[in-house]
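Below is one structure; the comments refer to it alone.
Next up, the structure:
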């Protein structure tokens with residue numbers, strides 16, 4: 001340990017190193033299987049954001065902001081919002097807003113089924129996850145500025 | 150039966166959250182209310198809501214603890230307890246009276262008579278191909294509502310980022 005103030009103790013850091021990948025993977029699973037099993041874009045996106053917040057709580061904010069800075073999170077959030085809106089507008093290919101424009105929907109209970117619903121889930125998860133992470137990052141940065149004074 | 154127990158637990162936790170003077174304990178009591186609500190959703194067979202409630206509760210708890218726990222908020226303890234108690238009792242009694250008349254008119258729990266919802270339940274799988282009926286409703290039949298909800302969250306995040314961004318604070322100095 002180079003600087004002791006960054007993050008929490010060694011126990012927390014070790015456990016975080018073991019669990020944070022599983023949390024991220026579980027979030028991605030919940031997003032991708034949102035149309036088959038309970039879950040969906042919103043819950044999965046929040047779990048993905050929580051994995052980054054977990055990392056930030058354990059290792060201090062510099063480590064995480066090097067991986068995903070707040071500006072990048074804002075860009076990802078806007079990208080998710082634009083993706084959701086463009087999926088909605090692409091429904092005009094079939095005639096009206098939010099039309100499920102894949103004509104053959106695939107077999108039920110398979111990962112690639114249900115037309116636009118998985119795409120919408122991915123867009124919402126990008127938007128929610130990046131947005132909540134950006135809020136948390138900006139709050140932590142705000143607090144850090146207060147402490148510097 | 151377990152539903153009533155959980156509701157009782159949530160009521161006690163909510164009262165504790167208001168009454169405790171320590172800020173950290175109060176935030177933890179709010180978290181207990183959220184956990185109880187998540188278990189209520191699970192008992193009422195709404196796993197989507199249960200997952201979302203649990204996850205958002207954890208996130209709110211972390212943000213509250215990180216953001217508010219260092220701030221020592223002053224407690225206001227002046228007189229006027231007579232007026233406060235009387236007005237609270239009046240509001241509780243009037244709420245209970247109106248709730249008695251209003252809740253009598255509701256359909257029995259678990260037996261709704263809704264024409265549109267019946268159509269969604271019957272046509273959800275053949276029309277969208279999604280086996281999770283919640284996903285098929287919120288992202289296909291009711292996609293417009295989800296777009297509005299996504300816009301609300303987007304606006305909220307943009308507002309927070311605009312209010313406490315770094316550039317403005319540096320220019321101020």
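Chains as they are written, first to last, in this note's numbering: chain A, 1 to 149; chain B, 150 to 322. We treat Cβ as the ideally placed atom computed from N, Cα and C, and that holds for glycine.
Where the alpha helix (DSSP H) containing residue i begins and where it ends
| i | result |
| --- | --- |
| residue 253/B | 230-253 |
| residue 170/B | Unbroken run through residue 170/B: none, as it is neither H nor E. |
| residue 23/A | 10-32 |
| residue 122/B | Any question about residue 122/B goes unanswered here, given that chain B covers just 150 to 322. |
| residue 67/A | 61-67 |
| residue 83/A | 70-90 |
| residue 293/B | 292-312 |
| residue 282/B | 282-285 |
Residue nearest to residue i in terms of C-alpha spacing, selected from the options
| i | options | result |
| --- | --- | --- |
| residue 137/A | 57/A, 109/A, 124/A | 57/A |
| residue 115/A | 13/A, 86/A, 35/A, 26/A | 35/A |
| residue 306/B | 140/A, 127/A, 142/A, 141/A | 127/A |
| residue 173/B | 159/B, 157/B, 215/B | 215/B |
| residue 79/A | 308/B, 309/B, 303/B | 303/B |
| residue 265/B | 277/B, 290/B, 248/B | 290/B |
Proximity of residue i and residue j at Cβ, strictly below 9 Å
| i | j | result |
| --- | --- | --- |
| residue 187/B | residue 210/B | no |
| residue 83/A | residue 130/A | no |
| residue 121/A | residue 46/A | no |
| residue 70/A | residue 141/A | yes |
| residue 213/B | residue 242/B | no |
| residue 27/A | residue 11/A | no |
| residue 197/B | residue 60/A | no |
| residue 200/B | residue 43/A | yes |
| residue 133/A | residue 68/A | yes |
| residue 309/B | residue 135/A | yes |
| residue 185/B | residue 155/B | yes |
Neighbour-count burial assignment, residue i, 16 or more Cβ in a 10 Å radius
| i | result |
| --- | --- |
| residue 299/B | buried |
| residue 257/B | exposed |
| residue 311/B | exposed |
| residue 284/B | buried |
| residue 281/B | buried |
| residue 287/B | buried |
| residue 153/B | exposed |
| residue 270/B | exposed |
| residue 93/A | exposed |
| residue 125/A | buried |
| residue 95/A | exposed |
| residue 292/B | buried |
| residue 237/B | exposed |
I'd like to know if the region 180-198 of chain B and the region 160-167 of chain B are in contact, where contact means that at least 3 CB-CB pairs between them fall below 8 Å. In short, these stretches touch, since the Cβ pair count reaches three.
How about the region 7-24 of chain A and the region 47-57 of chain A: do they share at least three Cβ pairs that are nearer than 8 Å? Yes, the region 7-24 of chain A touches the region 47-57 of chain A.
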